[in-house]
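Note sheet for the following structure.
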Amino acid sequence: MDPFRFKQFEVYDHHSTMKVGTDGVTLGAFSSRSDFRYALDMGTGCGLIALMLAQKSSGHIVAIDIDEPSVKQAASNFAASPWNTRLTARCVSAQELAGEVGNIFDRIVSNPPYFIDSLKSPDARRTNARHNVTLSLEELVTTVDQLLTPDGVFDVILPVEVSIFFESLMYYSGLYLREELILFSMLDKPIRKILSFCRNYNGVFDSGSLIIRKDAEHHTQEYIDFTADFFPGLR
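Anchor point for the sequence shown: position 67 equals 67 in UniProt numbering, and the numbering is continuous, going up by one each time.
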């Protein structure tokens, strides 16, 4: 099986519950715009987001997942990358990690399970990856609160219909929305939001939008530009 080839790294995802996809690529591009000391990729799957963070940063990245085959694949992808000394893959839950290390991460990134009301897959691995059966949104908020440094930033991608509820959960935990990027599949179809939270809100809030495709076959120029550091020859 051929890997997905990015500009500076390759990703195999055939053993992972979370495949390479638009959500992960877009979140990785968003979160890699600024540097950090110690980052956590929560629910790493094949390790895509962690690799994108490593390409654009000087910090260390810990990538966790509860699915052992996914973690093994992420570790293999990390080992083959130019940043293998700064990438660590672990098979551990976010709750367990929080109990081990406390609030040491100044960047946390997550593409969480959110198919809350959809019919569950008979495949247990896919079910855990795509539904909030092992980490609910409430638990996600609690765990982020335990893992994030006082000056840290948490980035997450969620469906539009879930985002308002999640924002309220974060607010009542003392984590404030500092930036949002509304993602459109095409011009009239808002599908996701990338939300960025911090503890020390300074009153400045940025809101933007990004249209991913101009038609079924072609990406928009703004999306090509947004992901240009990672994709060679995206159409």
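For glycine and all other residues, C-beta sits at the position ideal for the given N, C-alpha and C.
Computed from a predicted model, the values in this text were never measured in an experiment.
Item, Value
"From Pro3, Phe4, Gly47, Arg33, residue whose alpha carbon lies closest to that of Ser196", "Arg33"
"Tyr38 versus Ala94 - alpha carbon distance", "15 Å"
"Reduced DSSP category for residue 238 - H, G, I as helix; E, B as strand; rest coil", "With the chain covering only 1 through 235, there is no way to say anything about residue 238."
"For Thr149 and Asn200, believed in contact at Cβ under 8 Å, the rounded distance", "That belief does not hold up - the Cβ atoms of Asn200 and Thr149 are roughly 11 Å apart, past 8 Å."
"Which of helix, strand or coil DSSP assigns to Phe226", "helix"
"As assigned by DSSP and simplified to three states, the class of Gly45", "coil"
"Gly45 vs Asp23 beta-carbon contact at 8 Å", "no"
"Cutoff 7 Å; reference Leu169; Cβ partners in own chain excluding five residues on either side", "Leu137, Glu138, Val141"
"DSSP-derived helix/strand/coil call for Leu53", "helix"
"For Phe4, the residue or residues it bridges with in DSSP", "Val11"
"Under the three-state DSSP convention, the category Pro159 falls into", "strand"
"Stretch pair the region 147-167 + the region 178-194: three plus CB contacts closer than 8 Å", "yes"
"From Gly174, Val160, Val71, Ser163, residue whose alpha carbon lies closest to that of Asp145", "Gly174"
"For Thr85 and His60, the rounded distance between their alpha carbons", "8 Å"
"Close Cβ partners of Leu187 (< 7 Å) along its chain, the five nearest in sequence each way excluded", "Ile211"
"Nearest to Lys7 (by Cα), restricted to the options Val62, Ser81, Ser16, Cys198", "Ser81"
"CA nearest to the CA of Ser58, picked from Gly47, Trp83, Leu40", "Trp83"
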